[in-house]
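For the sequence shown, counting from 1, position 14 maps to 14 in UniProt numbering; every step adds exactly one. From the three backbone atoms N, C-alpha and C, an ideal C-beta is built for every residue, glycine too. Predicted model only: the values in this text are computed from it and were never measured.
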Amino acid sequence: MKFKPSRPPSGYPLDCAKDSRNYQGYRARSASTIKMSLRSLRACMICSIVQPQAKFSREGCPNCEEFLELRHNGDAIAEATSSVFEGLITLADPENSWVAKWQRLQGYAPGTYAVKVVGVLPEEVIAAAENAGIKYIPRDGSGEVEQ
1 MKFKPSRPPS GYPLDCAKDS RNYQGYRARS ASTIKMSLRS LRACMICSIV
51 QPQAKFSREG CPNCEEFLEL RHNGDAIAEA TSSVFEGLIT LADPENSWVA
101 KWQRLQGYAP GTYAVKVVGV LPEEVIAAAE NAGIKYIPRD GSGEVEQ
């Protein structure tokens, strides 16, 4: 006798609509819904945190807001964030995570970060970061820093 769980396995969207054609009566969100939500994501080119563009506009960057001043500033968001990034890392405890150390994310806010961020920061943004005591490390993989 095959085991049939009464609910989908963990990680399966629980807010799915009932549908007898899919996984035991559950239908996953459509791919178009997921694609639409991913299109609005941007990654900070300084710290690599990934957020929807609206959240950058509403709250700024949780790590870099002090000097980037992204809140309610569409031009600054366009200059300091990128919609082109690779890989995602979710960090709950950046201070104790080996992944955070590997990606140089220790000391940053918990959240979702890109492994690589593609884009070129304007010189004045790099200068603002350095004036704030932040050593800019390009997040596109080209700026490997010797330890």
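Work out the CA separation of residue j and residue i for me, nearest whole Å.
{"i": "Ala127", "j": "Pro52", "result": "25 Å"}
{"i": "Leu105", "j": "Leu88", "result": "13 Å"}
{"i": "Gly111", "j": "Pro94", "result": "9 Å"}
{"i": "Gly133", "j": "Glu66", "result": "11 Å"}
{"i": "Ala43", "j": "Leu121", "result": "12 Å"}
{"i": "Asn131", "j": "Tyr108", "result": "18 Å"}
{"i": "Arg58", "j": "Ala100", "result": "26 Å"}
{"i": "Val115", "j": "Gln103", "result": "7 Å"}
{"i": "Gly25", "j": "Ser142", "result": "Residue placement at Gly25 cannot be trusted, given a pLDDT of 48 that sits under 50; the coordinates are not used to answer."}
{"i": "Glu123", "j": "His72", "result": "22 Å"}
{"i": "Ala54", "j": "Leu41", "result": "9 Å"}
In this structure, what does DSSP give as the bridge partners for residue i?
{"i": "Glu95", "result": "Paired residue(s): none; Glu95 is not in a bridge."}
{"i": "Val50", "result": "Ala43"}
{"i": "Lys116", "result": "Glu86"}
{"i": "Gly107", "result": "Answer is none; Gly107 lacks a bridge partner."}
Mind checking which residues open and close the beta strand (DSSP E) that includes residue i?
{"i": "Ala128", "result": "Note, Ala128: premise wrong, no beta strand (DSSP E); alpha helix (DSSP H) at 123-131."}
The alpha helix (DSSP H) with residue i in it runs from where to where?
{"i": "Arg58", "result": "53-59"}
{"i": "Leu68", "result": "65-68"}
{"i": "Gly74", "result": "74-80"}
Considering only residues of the same chain and omitting the five flanking positions on each side of residue i, which have a CB-CB separation below 7 Å?
{"i": "Val118", "result": "Ser82, Val84, Phe85, Asp140"}
{"i": "Ser97", "result": "Leu91"}
{"i": "Met45", "result": "Ala80, Thr81, Ser82, Val117, Gly119, Leu121, Arg139"}
Within a Cβ cutoff of 6 Å, which residues of the same chain sit near residue i, ignoring the five residues on either side of it in sequence?
{"i": "Leu70", "result": "Phe56, Gly60, Cys61, Ala76, Ile77"}
{"i": "Cys47", "result": "Asn63, Cys64, Tyr108"}
{"i": "Tyr136", "result": "Ile126, Ala129"}
Report all residues from its chain with a CB closer than 8 Å to the CB of residue i; omit the five preceding and five following residues, and keep chain order.
{"i": "Arg39", "result": "Ser83"}
{"i": "Gly74", "result": "Ser57"}
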